[in-house]
Structure formats: C-alpha cells, structure tokens
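Q:
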Amino acid sequence: MTQVPIAIVGVSALFPGSTDAQGFWRDILLGRDLVTDVPPSHWLIEDYYDPDPSAPDKTYSKRGAFLPDVAFDPMEFGIPPSILPATDTAQLLALIVAQRVLDDATQGQFAKMDRERASVILGVTSGQELLGTMVSRLQRPIWIKALRDSGIPEEEAIVICERIAGGFVPWQESSFPGLLGNVVAGRIANRFDLRGTNCVTDAACASTLSALSMAINELAIGQSDLVIAGGVDTMNDIFMYMCFSKTPALSKSGDCRPFSDAADGTLLGEGMAMLALKRLDDAERAGDRVYGVIRGLGSSSDGRSKSVYAPLPEGQARALRRTYENAGYGADTVELVEAHGTATKAGDAAEFAGLEIAFGESGRTDRQWCALGSVKSQIGHTKAAAGAAGLFKAVMALHHKVLPPTIKVDRPNPALNIEKSPFYLNTQARPWIRDASHPRRASVSSFGFGGSNFHVALEEYTGPAPRAWRVRTEPTELVLLSDETAQGLSAKCDDAAKRAADSGLTAVARASQEGFGAGAKARLAVVASDAADLAAKLKQVQAHLAAKPDAALSTPTGIHYGVGARRGAWPSCSRGRGASTWAWAETSR
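Count along the sequence shown from 1, add 321, and you get the number used in the numbering used here.
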C-alpha cells in the first residue's frame with residue numbers, strides 16, 4: 322500500500338562547524354572538513370590516547386568532529402541555572418533546535434499554533450553522557466577499599482576519596498530526569514506545551530529513521546497533526562570512544578573516508594537535526610511552506626547472521642525494497658542516495674552490495690546514474706543523529722536542486738567496482754538537472770547495531786503550496802524591486818531602505834522577491850550584505866534614475882537596473898552571489 326505523503330514544513334540543525342541550519346548547509350556545499358583533535362572539554366588526550374589498539378583502557382583515536390560553543394540562556398527555557406550541572410547537554414541543546422524548527426514551521430507564528438495534536442518523537446540512545454558521571458560518583462566504596470588495602474590511613478583515604486568525588490556532579494533532585502534520554506523529548510513537549518505523543522526511540526545508529534518511522538505512522542493514522550522528528554546525540558566522552566575503539570571501528574589514520582580506497586574506519590561526531598512534519602494534504606490546505614515530501618519509509622532486520630553487529634547486504638536490501646513499495650515508484654528514478662557510509666571496510670562493502678541488489682532489481686541497465694555520498698566524510702559518525710544529518714542533507718539537496726559533495730574520496734574503493742554499478746561518488750557540488758520524466762528524488766539509509774535497517778524515500782515538492790525559502794548559503798541577500806516608472810521605482814528604493822533598517826535585510830529581500838513584477842517596465846536587482854550596504858546602493862540607483870531613467874545600469878558591486886520590455890532574465894543575476902535566491906521569480910522555478 323502506498324504511504325500517505327508527508328510534507329516537511331520546517332527544518333533545524335546543529336552540527337560541528339556551525340550553530341544553525343544555514344551554516345551547516347553552507348558547510349556541506351563548501352565541502353568543509355570539520356574533523357579536529359578531541360578538545361579538552363570532552364577528555365584529555367594525554368590521559369586516554371595510545372596509538373596501540375591493544376592498550377588496555379585506552380583509545381587509539383584522538384580525532385572527531387565536535388560542536389562549537391553554543392550560547393544557552395536557561396531562563397529563556399524556564400530552567401533554573403542551579404540544575405544545569407545535573408542536566409545532560411543533549412536535553413539543553415535540543416530545546417534550541419526544537420524552538421527553531423517550530424518557529425520555521427509556523428513562519429514565526431508559533432504562539433498561534435494548535436498544540437493539542439502536536440508531537441515530538443526523536444532518535445536518542447538510552448545512555449546519556451551524564452549517566453557515566455553519576456555512576457562514577459557511586460564508586461566510592463571501591464576507592465576506599467583499594468586505599469585501605471594499600472595501607473593508606475583511614476582519614477587520609479577519606480580525604481582522597483572526597484577529592485576524587487569532587488570531580489563528579491553531586492546527586493540532587495533533578496539528577497534522575499537530567500540523565501534520561503527520553504527527557505530530551507519530554508523537555509521539548511513540556512517547554513513548548515506540545516500535547517500529542519512525546520517519546521524517543523533507540524535503534525543505535527539508526528535511531529533517527531526509527532523515530533521518523535514512528536512519526537510518519539502517527540500522522541498516517543491521524544493520531545497527530547504535526548510531529549517534530551529527528552535525532553539527537555552529544556555523547557562523545559571517553560566511554561563512547563572506548564566502545565568504538567574496542568569493537569574496533571575507529572580509523573587508525575584519523576580520518577573518515579566513506580567508499581574510498583583509503584577508508585580504514587570511522588570517526589565520531591555529534592549534533593542534532595529536527596524536521597517538522599505534516600500530512601501533505603493538510604500542509605497544502607494550510608498554505609504551509611514545504612521543503613520536500615517523504616514518499617516512503619521501509620525497515621527490516623537482518624535476522625540471523627554471523628554476529629549481532631555484522632552488517633548483512635540482504636537485510637539492508639530488504640529495507641530498500643519495502644521503501645520503494647511504500648513510495649509507489651522504483652529505485653530507477655532515484656538520483657541521490659545519502660548512504661549510512663561509515664567508512665569501515667566491512668560496513669561500506671555490505672551497504673554497497675545491498676544498494677546494488679535493490680537498485681539492480683529496478684530493471685535499469687545503464688551505469689552510474691545515481692549520486693552516492695555520506696556526510697560522515699565531513700562530520701564523522703553522529704551515531705543516534707547520523708540519520709538526522711543525512712536526512713537534512715538530502716532534504717536540502719532536493720530543496721536547493723543541488724547535488725552536494727562527499728569529500729576525501731580521491732579514488733573509490735576498487736573492490737566495489739563502482740564504475741559498473743548504478744552509482745558514482747559525487748565529489749563536488751553541482752546543479753541537479755531534473756529528469757523530464759519524474760521529480761527529483763533522493764533516499765537516505767541508516768543501519769544500527771543489532772541488524773536494524775531503515776531507508777527513506779524523498780521527493781522534491783512541486784505542488785501548489787508555497788515553497789519554503791532556500792536556506793541562505795552566502796553572506797548576502799538579493800533585493801528585487803519593480804515598477805512601471807523610474808519615479809515609482811525610486812520611491813520603492815526609499816521604502817526598501819527604511820524597512821531594511823527597521824526589520825533587517827533578510828525580511829526585506831524575501832518580501833521583495835515575492836512581490837517582484839517580472840514583466841514591469843522598470844526592474845532593479847541589488848545584491849547587499851546588510852541594511853547599510855543596501856541603503857548605499859539604493860542611493861546610487863536613485864542618482865542614476867534621476868539622471869538617466871531610460872538607461873540600463875549594471876555594476877560589479879551587484880546593482881542591475883533594467884528598463885523597457887523584458888527579454889528574459891538578466892544573465893548576470895543568475896550567477897555568483899545571487900544564485901541561491903529566488904532570482905527573477907517564475908524564471909527560476
């Protein structure tokens with residue numbers, strides 16, 4: 322049975338390198354490598370690092386991708402500052418991301434939103450970072466006994482244990498909820514008064530897509546009208562490094578290179594992303610802005626295999642088949658796959674084999690028609706939030722009509738024989754040219770320890786509802802003004818400059834693009850970096866209009882004035898800094 326189409330009406334993200342969604346998308350497009358050494362805020366390299374993988378209680382990796390400092394005002398979210406030490410970081414940062422996605426989904430009108438059937442369902446692993454700290458503090462009897470057995474006097478042993486305990490957060494009334502993974506969703510529902518379902522799901526590294534599966538079902542059966550879905554993972558303490566080191570799954574060379582011949586393991590990352598979801602019919606009826614459409618999601622288990630954590634191509638292919646059955650179209654129309662792509666030899670090989678099985682069954686015989694990539698090449702493996710990062714990347718790719726890059730693949734792993742497959746590794750951002758026979762389509766995979774397999778099918782939105790604004794990827798905006806006379810255009814320049822000073826450049830740019838008359842006789846495009854830059858350029862335009870109203874104007878600084886009958890879009894406005902905006906209204910559609 323074909324799945325109910327689900328509209329993505331809001332997005333928000335927080336990952337290494339940037340503190341918001343537009344910054345993360347910009348990092349993806351630019352192919353930024355966000356891997357660094359482990360910062361002292363997480364653990365000390367001199368205490369735990371040893372290049373020898375067999376060294377006991379040591380990790381052979383000291384590299385990863387880590388969140389930047391994020392300003393957090395607890396009072397803004399109704400949290401007493403006194404309980405911050407007993408509250409896991411994931412719970413706090415998730416409030417920021419949830420607030421942003423709700424604001425995006427409601428176009429700044431969250432106060433008016435009906436919250437009775439609004440839900441939050443997130444992928445979060447059960448053990449949070451604070452749990453380790455609280456458990457460690459309870460080891461005092463072991464410390465005391467070891468000191469006594471070593472002949473340390475009782476009073477001195479007690480003093481030593483007090484000093485050790487001082488390195489851990491003391492227990493308090495708020496400690497229990499502060500360390501629970503499910504309270505990541507609970508705090509969001511509590512703070513924003515969401516009265517639908519609130520819960521988290523744990524499918525290890527497939528947690529985000531397992532949460533997405535539940536969110537889709539909530540909407541499909543009518544249990545919820547809006548669902549915030551995504552994944553959250555901020556746990557990169559030494560415990561997590563030890564887990565991945567002793568498996569062993571981490572890169573010995575200190576880098577993450579999915580599907581590359583140089584791939585030798587993964588690296589850890591952290592972050593979160595959330596999507597606001599509604600039934601497509603409801604979103605169109607409400608006039609919501611739509612980023613993209615979820616057409617189908619499938620899941621499977623590997624069943625019995627060599628081990629509980631060994632990936633199985635047949636199991637993964639099973640999830641893909643179910644996805645496209647639910648979507649109502651075949652894999653032969655998918656032109657971008659955001660892979661799980663951990664950069665482990667076994668993991669990449671198994672995933673690629675599973676993709677070949679499912680895509681090979683589509684009946685398409687030509688080769689290398691589908692771009693394959695993994696955002697882990699830039700931010701490492703964000704574990705429970707891995708699907709959230711991949712989902713954000715794929716949704717933005719569809720929305721912006723861009724095939725984003727995967728970095729660090731100088732040469733594909735020759736064992737994959739990728740040149741004889743449906744796939745190619747896209748290593749540079751490039752325009753996504755639409756196939757005339759179907760909309761742009763992308764898919765995302767996530768696989769977790771224990772044989773949990775998930776795959777989701779996405780499609781660009783082509784319906785009548787407003788398209789969501791493209792996420793700003795340049796430090797500039799494009800302001801478009803039009804009128805039937807040069808005099809009228811000059812008056813609009815005054816108005817635009819005033820409104821930019823009052824409400825900001827972005828608001829003016831978006832309003833101007835929506836109101837632009839492509840067929841007007843006097844047309845103006847200005848690329849500006851801020852309100853002051855816009856005002857200065859508009860004054861330059863007004864001087865030109867006063868002196869030569871019938872003469873066109875074009876400057877290297879981003880001013881383009883056209884007069885008379887339009888003969889198509891101005892070529893200079895479709896390149897460079899203005900290319901990511903809705904330049905020339907219907908011309909860019």
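C-beta atoms are modelled at their ideal positions from N, C-alpha and C, and glycine is treated no differently. None of the values given here were measured: they were computed from a predicted structure.
Cα separation between Arg-888 and Lys-842?
A: In the sequence shown, residue 888 corresponds to position 567, counting from 1. In the sequence shown, residue 842 corresponds to position 521, counting from 1. Caution is warranted here: a pLDDT of 43 is assigned to Arg-888, below 50, making its placement in the model unreliable, and the coordinate value is therefore given only provisionally. Rounded to whole angstroms, Arg-888 to Lys-842 spans 11 angstroms at the Cα level.
Q: Figure out for me which residue from Leu-500, Asn-519 and Pro-389 has the closest Cα to the Cα of Gly-507.
A: On the sequence shown, position 186 is the one that residue 507 refers to. Nearest of Leu-500, Asn-519 and Pro-389 to Gly-507, Cα basis: Asn-519.
Q: Please state the DSSP three-state secondary structure of Ile-417.
A: The residue you call residue 417 lines up with position 96 of the sequence shown. Note: Ile-417 maps to helix in three-state DSSP.
Q: So the beta strand (DSSP E) Asp-294 belongs to, where does it begin and stop?
A: The structure shown does not extend to residue 294, since the chain spans only 322 to 910, so no value can be given for it.
Q: In terms of residue numbering, what span does the alpha helix (DSSP H) encompassing His-776 cover?
A: Position 455 of the sequence shown, counted from the first residue, corresponds to residue 776. His-776 -> not in any alpha helix (DSSP H); beta strand (DSSP E) instead, spanning 773 to 780.
Q: So, under 8 angstroms CB-CB, Arg-421 and Ser-534 are touching, yes? Tell me the CB distance rounded to an integer number of Å.
A: Position 100 of the sequence shown, counted from the start, is the residue given in the question as residue 421. Position 213 of the sequence shown, counted from the start, is the residue given in the question as residue 534. Not quite, the Cβ-Cβ distance comes to about 23 angstroms (not below 8 angstroms), so this is no contact.
Q: Excluding five sequence neighbours on each side, which residues of the same chain lie with their C-beta closer than 8 angstroms to the C-beta of Ser-833?
A: As a working mapping, residue 833 is identified with position 512 in the sequence shown. Answer for Ser-833: Val-800, Leu-801, Leu-802 and Ala-817, listed in chain order.
Q: Measuring only the C-alpha atoms, how far is Phe-744 from Leu-443?
A: Taking the sequence shown and counting its residues from 1, one reaches residue 744 at position 423. Taking the sequence shown and counting its residues from 1, one reaches residue 443 at position 122. Taking the straight line joining both Cα atoms gives about 31 angstroms.
Q: Report the three-state DSSP secondary structure of Ala-550 (helix, strand or coil).
A: Sequence index remark: in the sequence shown, residue 550 carries index 229 (1-based). Looking at Ala-550 - three-state DSSP - the assignment turns out to be strand.
Q: By a C-beta neighbour count over all protein chains shown, 10 Å radius and 16 as the cutoff for buried, is Phe-580 buried or exposed?
A: Counted from its first residue, the sequence shown places residue 580 at position 259. Buried.
Q: With C-beta atoms as the reference, is Arg-458 less than 7 angstroms away from Phe-489?
A: Position 137 of the sequence shown, counting from 1, holds the residue named residue 458. Position 168 of the sequence shown, counting from 1, holds the residue named residue 489. Going by C-beta atoms, Arg-458 is nearer than 7 angstroms to Phe-489.
Q: Beta-carbon separation of Thr-408 and Ala-705 under 7 angstroms?
A: Counting from one through the sequence shown, the residue named residue 408 turns up at place 87. Counting from one through the sequence shown, the residue named residue 705 turns up at place 384. Their beta carbons are not under 7 angstroms apart, which means Thr-408 does not touch Ala-705 by this criterion.
Q: Which complete beta strand (DSSP E) runs does the region 658 to 709 hold, if anything under 3 residues is left out?
A: Runs found: 691 to 694.
Q: Are the region 571 to 578 and the region 462 to 476 touching, with three or more C-beta to C-beta distances below 8 angstroms?
A: In short, these stretches do not touch, since the Cβ pair count stays below three.
Q: Look at Val-521 and Gly-502 and say whether their C-beta atoms are less than 7 angstroms apart.
A: Here residue 521 is taken as the residue at index 200 of the sequence shown, counted from 1. Here residue 502 is taken as the residue at index 181 of the sequence shown, counted from 1. It is a contact, given that the beta carbons lie within the stated cut-off.
Q: Among the candidates Ala-342, His-881, Trp-364 and Tyr-612, whose CA atom is the shortest distance from the CA of Ile-559?
A: Stepping through the sequence shown from its first residue, residue 559 is reached at position 238. Nearest C-alpha to Ile-559: Trp-364.
Q: Within 10 angstroms of the Cβ of Glu-805, are there 16 or more other Cβ atoms? Answer buried if so, exposed if not.
A: By one-based count along the sequence shown, residue 805 stands at place 484. Exposed, because fewer than 16 other Cβ atoms sit within 10 Å of the Cβ of Glu-805.
Q: List the whole-angstrom C-beta distance separating Ile-404 from Ser-339, where the pair is believed to meet the contact cut-off of C-beta under 8 angstroms.
A: Here residue 404 is taken as the residue at index 83 of the sequence shown, counted from 1. Here residue 339 is taken as the residue at index 18 of the sequence shown, counted from 1. With 8 angstroms as the limit, Ile-404 and Ser-339 do not qualify as a contact, their Cβ atoms being about 28 angstroms apart.
Q: For the region 633 to 649 and the region 766 to 780, state whether three or more C-beta atom pairs, one from each stretch, are separated by less than 8 angstroms.
A: At 8 angstroms Cβ cutoff, the stretches touch.
Q: Would you grab the beta carbon distance between Gly-711 and Val-696 for me? Rounded to a whole angstrom, and I think it's under 8 angstroms.
A: Against the sequence shown, residue 711 aligns to sequence position 390. Against the sequence shown, residue 696 aligns to sequence position 375. With 8 angstroms as the limit, Gly-711 and Val-696 qualify as a contact, their Cβ atoms being about 6 angstroms apart.
Q: Is it a yes or a no for the region 549 to 557 touching the region 429 to 444, going by three-plus beta-carbon pairs under 8 angstroms?
A: Because the criterion of three Cβ pairs below 8 angstroms is met, the region 549 to 557 and the region 429 to 444 touch.
Q: How would you call Glu-367, buried or exposed, if buried means at least 16 neighbouring beta carbons within 10 angstroms?
A: The count along the sequence shown starts at 1 and reaches residue 367 at position 46. The residue in question, Glu-367, is exposed, as its Cβ has fewer than 16 Cβ neighbours within 10 Å.
Q: Does the distance from the CB of Thr-665 to the CB of Gly-617 come in under 7 angstroms?
A: To locate residue 665, count along the sequence shown from 1; it is residue 344. To locate residue 617, count along the sequence shown from 1; it is residue 296. Cβ distance not < 7 angstroms, so Thr-665 and Gly-617 don't count as in contact.
Q: How long is the line joining the alpha carbons of Asp-354 and Ile-700, rounded to whole angstroms?
A: Counting from 1 along the sequence shown, the entry for residue 354 is found at position 33. Counting from 1 along the sequence shown, the entry for residue 700 is found at position 379. Going by the C-alpha atoms only, they are around 7 angstroms apart.
Q: Please state if the CB of Arg-384 and the CB of Val-418 are separated by a distance shorter than 7 angstroms.
A: Locating residue 418 in the sequence shown gives position 97, where the first residue counts as 1. Locating residue 384 in the sequence shown gives position 63, where the first residue counts as 1. Against a cut-off of 7 angstroms, the Cβ pair of Arg-384 and Val-418 comes out as no contact.
Q: Report the residue ranges of all alpha helix (DSSP H) runs contained in full by the region 358 to 411; include only those spanning at least 4 residues, in chain order.
A: Counting whole runs of 4 or more residues, the region 358 to 411 contains the alpha helix (DSSP H) stretches 366 to 369.
Q: Please report the Cβ distance between Tyr-562 and Ser-382, rounded to the nearest whole angstrom; I am assuming they are in contact, meaning their Cβ atoms lie under 8 angstroms.
A: Position 241 of the sequence shown, counted from the first residue, corresponds to residue 562. Position 61 of the sequence shown, counted from the first residue, corresponds to residue 382. Their Cβ separation, rounded to whole angstroms, is 6 angstroms, which keeps Tyr-562 and Ser-382 in contact under 8 angstroms.
Q: Counting C-beta neighbours from all protein chains within 10 Å, is the total for Gly-499 16 or more, i.e. buried, or is it exposed?
A: To locate residue 499, count along the sequence shown from 1; it is residue 178. Gly-499 should be labelled buried.
Q: With H, G and I counted as helix, E and B as strand and the rest as coil, what does DSSP make of Ser-824?
A: Along the sequence shown, read from residue 1 onward, the residue named residue 824 stands at position 503. Ser-824 falls in the helix class under three-state DSSP.
Q: Closest by CA to Arg-820, which one among Ala-853, Phe-837, Gly-838 and Ala-807?
A: In the sequence shown, residue 820 corresponds to position 499, counting from 1. Checking every option, the nearest Cα to that of Arg-820 belongs to Ala-853.
Q: Classify Gln-808 as buried or exposed, calling it buried when 16 or more other Cβ atoms lie within 10 Å of its own Cβ.
A: Numbered from 1 along the sequence shown, position 487 holds the residue referred to as residue 808. It counts as exposed.
Q: Exposed or buried, Ala-536, counting other C-beta atoms within 10 Å across all chains shown (16 or more means buried)?
A: As a first step, residue 536 is located in the sequence shown; it is residue number 215 there, counting from the start. With 16 or more other Cβ atoms within 10 Å, it is buried.
Q: Taking the alpha-carbon positions, what's the Gly-840 to Thr-703 distance?
A: On the sequence shown, position 519 is the one that residue 840 refers to. On the sequence shown, position 382 is the one that residue 703 refers to. Those two C-alpha atoms are separated by around 48 angstroms.
Q: Which ranges does the alpha helix (DSSP H) cover as unbroken runs of at least 4 residues, wholly within the region 714 to 747, from first to last along the chain?
A: You should have found no qualifying run.
Q: Measuring alpha carbon to alpha carbon, tell me which of Arg-438, Ile-473, Val-330 and Leu-737 ends up nearest Gln-428.
A: Position 107 of the sequence shown holds residue 428. With distances taken between Cα atoms, Gln-428 lies closest to Val-330.
Q: Alpha carbon to alpha carbon, how far is Val-614 from Glu-437? Give it in angstroms, no decimals.
A: The residue labelled residue 437 in the question sits at position 116 within the sequence shown. The residue labelled residue 614 in the question sits at position 293 within the sequence shown. Cα to Cα, the separation comes out at about 24 angstroms.
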